[in-house]
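Chemist: Keeping their order, the protein sequence lines are chains Z and E.
For the first sequence, the numbering used here gives the first residue as 63, with consecutive numbering after it.
For the second sequence, the numbering used here gives the first residue as 63, with consecutive numbering after it.
Here it is: the structure, laid out below.
There are 2 protein chains.
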Amino acid sequence: MVPRPIECPMSGSATQAVYELLRANLLAGLYRPEEKLKISELGAAFAVSTGAIREALARLTAEGLVTALPQRGFRVAPVSAADLRDLTDMRIEIETKCLRRAIENGDIGWETAVVAAHHRMAATPIAAADGSFSPAWTIAHGEFHAALAQACGSVWMMRVRDLLFVHNERYLDLARKTDRGNRDVAREHRELMEAALARDAERAVTIMTAHLAKTRDTIEAALLAAAAMTEAR
Amino acid sequence: MVPRPIECPMSGSATQAVYELLRANLLAGLYRPEEKLKISELGAAFAVSTGAIREALARLTAEGLVTALPQRGFRVAPVSAADLRDLTDMRIEIETKCLRRAIENGDIGWETAVVAAHHRMAATPIAAADGSFSPAWTIAHGEFHAALAQACGSVWMMRVRDLLFVHNERYLDLARKTDRGNRDVAREHRELMEAALARDAERAVTIMTAHLAKTRDTIEAALLAAAAMTEAR
DNA sequence: TTTTAGAAGAAAATATATTTTTGTTGCCGC
DNA sequence: GCGGCAACAAAAATATATTTTCTTCTAAAA
């Protein structure tokens, strides 16, 4: 057989590629909440047909990252302080439950994965040139938290966790320039890892809860500040 | 203005209608797990273009009701006893948490909705002519459980609850002919409502947990029996 | 007899064209 | 001058056609 030409399409199909790209852009805050996502514009931008865009948007709609208004197209899902509080409450519930079970069930493979993920995250610069989170750190951060939860041994719990985490990422970016100096995120993560590896469930849960709540408060402040600014214009 | 012709399209767009219909069929167990969902066949069956089908399937993929294999089309998501156990564990966590919060926060409107939903469900025949659950009862049942949880006051909690509930429905149908006689489901539901209205959180949670576990066991038995039969053919 | 290569057919992925709907602007009547 | 109606433009929804990819059947060689 003739070896295939180099090509190697990014992710199988064009639709899949568009979906992933669009999703990444959405999570990175490239489009503002409530912004209209014009199908033909996106099609032109990504150089694919409108059908592929529609399919990607349909998937994102089911995920809740975009909203679909019948006959009126798609928009970026809205954000609000109330939603953030609700989301964080739920995240605290799920993340701590995952964490407890992971600490109980985790084997040496889990420990190794956590240490590895933490090492990568710690070695990655947190800020990009423009003041936002660097994409590499965002990925490493997500993988660290995922690694921590992984050993919970439940596919559904991980699935729900991932869903909530992804939605939080959308908010995370909004707080990018807000008092990051007031906070030692690296230390929080390190302590989290240490408590988990020490199998100290109570301490780990306490740290995780504080970590998530602190993140929420930081974002909420940025969110309210932005809202006030919009109000006053 | 000329009054529009009767039409009144079921749910806005054709895609939306196809999505809802396909989803209902999926939950009713009309297609078997792992079965291939041919786009052109579905398009012919529903008398819409392939694009509409693709869009509906994309949304269902994001929901986890169907799986997409790149370049190889779509299939009905698989089921397994392990997945059912995992799913039920998660459901018990979430449903009981919703229930506790609803019992704490629920106002007179909530009580009214619960009573109303229960009344409708109790008055609906549970079995259809062919031995499966009647569609009307399935809907009423879903609405009863939703009404119970509604007052939890968290959009995200309800969203996760709904996701899990929907996936459970897919399993529910598999156990349709299995020893339903051994079980007094109506009594379980009545006791659940009574405990909730009496604001007895502990009792309500106990009943709910038993209810969900019992459902799981019934389905699991049917699932294993079906697997054994497939094995032996 | 089994395995593999090739070709034909089927189905999915994608692009393009058409139709329908919606939002906007300008004009006419009040 | 203000409100409503009509025509136009933009965008979404849908259908159809084309291309690509995968699967299966057959035939030939080991």
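Cβ coordinates follow ideal geometry from the N, Cα and C atoms, glycine included.
In this text, all values refer to a predicted model and were calculated from it rather than measured experimentally.
Going along the region 130 to 150 of chain Z in order, which residues come within less than 8 angstroms of chain E, judged by CB to CB distance?
Modeler: PRO132, GLN133, ASP145, ASP148 and LEU149
Chemist: On the DSSP letters alone, give me the boundaries of the alpha helix (DSSP H) that GLY171/E sits inside.
Modeler: 170 to 185
Chemist: Three-state secondary structure (DSSP) at GLY135/Z?
Modeler: strand
Chemist: So, with DSSP's three-state summary, where would you put ALA283/E?
Modeler: Looking at ALA283/E - three-state DSSP - the assignment turns out to be helix.
Chemist: Could you give the residue range of the alpha helix (DSSP H) that holds GLU96/Z?
Modeler: Taken as a continuous stretch (DSSP letters only), GLU96/Z belongs to no alpha helix (DSSP H), as it is neither H nor E.
Chemist: For chain E, find out if any of its Cβ atoms is closer than 7 angstroms to the Cβ of TRP172/Z; answer yes or no.
Modeler: False, the Cβ-Cβ gap to chain E never drops below 7 angstroms.
Chemist: Taking only beta carbons into account, state which residues of the region 106 to 120 of chain E come closer than 8 angstroms to chain Z, listed in chain order.
Modeler: GLY113, ARG116, GLU117, ALA118 and ALA120
Chemist: So is VAL222/E in contact with chain Z if we call contact Cβ pairs under 7 angstroms?
Modeler: yes
Chemist: Cα-Cα, which of LEU226/E, CYS160/E, SER194/E and HIS203/E is closest to ALA213/E?
Modeler: CYS160/E
Chemist: Taking 7 angstroms as the threshold (beta carbon to beta carbon), is TRP199/Z in contact with chain E?
Modeler: no
Chemist: Tell me, to the nearest whole angstrom, how far the beta carbon of ALA114/Z is from that of THR123/Z; I am working on the premise that it is less than 8 angstroms.
Modeler: So it is not a contact: roughly 15 angstroms between Cβ atoms.
Chemist: What residues from chain Z crowd round LYS159/E, counting only those whose CB sits closer than 9 angstroms?
Modeler: Those within 9 angstroms of LYS159/E in chain Z are GLU155.
Chemist: Give a yes or no on whether the minimum CB-CB distance between ILE281/Z and chain E is below 7 angstroms.
Modeler: no
Chemist: Quick one: using the 10 Å Cβ neighbour count with 16 as the cut-off for buried, is GLN78/Z buried or exposed?
Modeler: In summary, GLN78/Z is buried, with 16 or more beta-carbon neighbours lying within 10 Å of its beta-carbon over all protein chains present.
Chemist: Anything in chain Z within Cβ reach of MET152/E, meaning under 8 angstroms, just list it in chain order.
Modeler: SER216, TRP218, MET219 and VAL222
Chemist: For the region 240 to 271 of chain E, enumerate the residues whose C-beta is nearer than 7 angstroms to any C-beta of chain Z, in chain order.
Modeler: So nothing in the stretch comes that close.
Chemist: Where HIS180/E and ARG147/E are concerned, what is the direct C-alpha to C-alpha distance, given to the nearest angstrom?
Modeler: 27 angstroms
Chemist: Nearest-angstrom Cα distance between ALA284/Z and SER216/E?
Modeler: 23 angstroms
Chemist: Check whether chain Z comes within 7 angstroms of ALA79/E, counting only Cβ atoms and requiring the distance to be less than that.
Modeler: no
Chemist: If we define contact as Cβ-Cβ less than 7 angstroms, is ALA275/Z a contact residue for chain E?
Modeler: no
Chemist: Assuming LEU84/Z and ALA106/Z are in contact, meaning their beta carbons sit under 8 angstroms apart, how far apart are those beta carbons, in whole angstroms?
Modeler: Incorrect: roughly 14 angstroms between the Cβ atoms, too far for contact.
Chemist: Drop a sphere of 10 angstroms on the beta-carbon of ALA189/E, count the other beta-carbons inside from all chains shown, and report buried for 16 or more, exposed for fewer.
Modeler: exposed
Chemist: Output needed for ILE156/Z: all residues of its chain with C-beta closer than 8 angstroms, excluding positions within five of it in sequence on either side, in chain order.
Modeler: MET219, VAL222, ARG223 and LEU226
Chemist: Applying a beta-carbon distance threshold of less than 8 angstroms, which residues of chain Z neighbour SER196/E?
Modeler: Going along chain Z, no residue has its Cβ under 8 angstroms from SER196/E, so there is no contact; the nearest lies around 28 angstroms.
Chemist: Can you look up ALA143/Z in the DSSP assignment and give me helix, strand or coil?
Modeler: helix
Chemist: For ALA143/E, which option in ASP151/E, ALA272/E and SER75/E has the closest C-alpha, if you only look at C-alpha atoms?
Modeler: In terms of CA proximity to ALA143/E, ASP151/E leads the group ASP151/E, ALA272/E and SER75/E.
Chemist: Going by beta-carbon coordinates alone, are ARG232/Z and LEU89/Z separated by less than 7 angstroms?
Modeler: yes
Chemist: Which of helix, strand or coil does DSSP assign to VAL110/Z?
Modeler: Under the three-state reduction of DSSP, VAL110/Z is assigned to coil, being neither helix nor strand.
Chemist: What residues match up with THR277/Z in a beta bridge as DSSP calls it?
Modeler: Answer is none; THR277/Z lacks a bridge partner.
Chemist: Could you check the C-alpha separation between ARG238/Z and MET255/Z for me, to the nearest Å?
Modeler: Computed Cα separation, rounded: 24 angstroms.
Chemist: Along the chain, where does the alpha helix (DSSP H) containing PHE206/E start, and where does it finish?
Modeler: 197 to 212
Chemist: Tell me, please, which residues DSSP counts as bridged to THR129/Z.
Modeler: ARG137/Z
Chemist: Considering just the uninterrupted stretch of the alpha helix (DSSP H) at LEU83/Z, what are its terminal residues?
Modeler: 76 to 89 is the span of the alpha helix (DSSP H), which, as asked, contains LEU83/Z.
Chemist: Would GLU96/Z be called buried (16 or more neighbouring beta carbons within 10 Å of its own) or exposed?
Modeler: The residue is exposed, with fewer than 16 neighbouring Cβ atoms inside 10 Å.
Chemist: Going by DSSP, name the residue or residues bridged to ALA189/Z.
Modeler: PHE195/Z
Chemist: Quick check on MET72/Z - is its C-beta less than 7 angstroms from some C-beta in chain E?
Modeler: The predicted model places MET72/Z with a pLDDT of 48, which falls under 50 and marks its position as unreliable; any figure quoted below should be read in that light. No, MET72/Z lies away from the interface with chain E (no Cβ there is under 7 angstroms from its Cβ).
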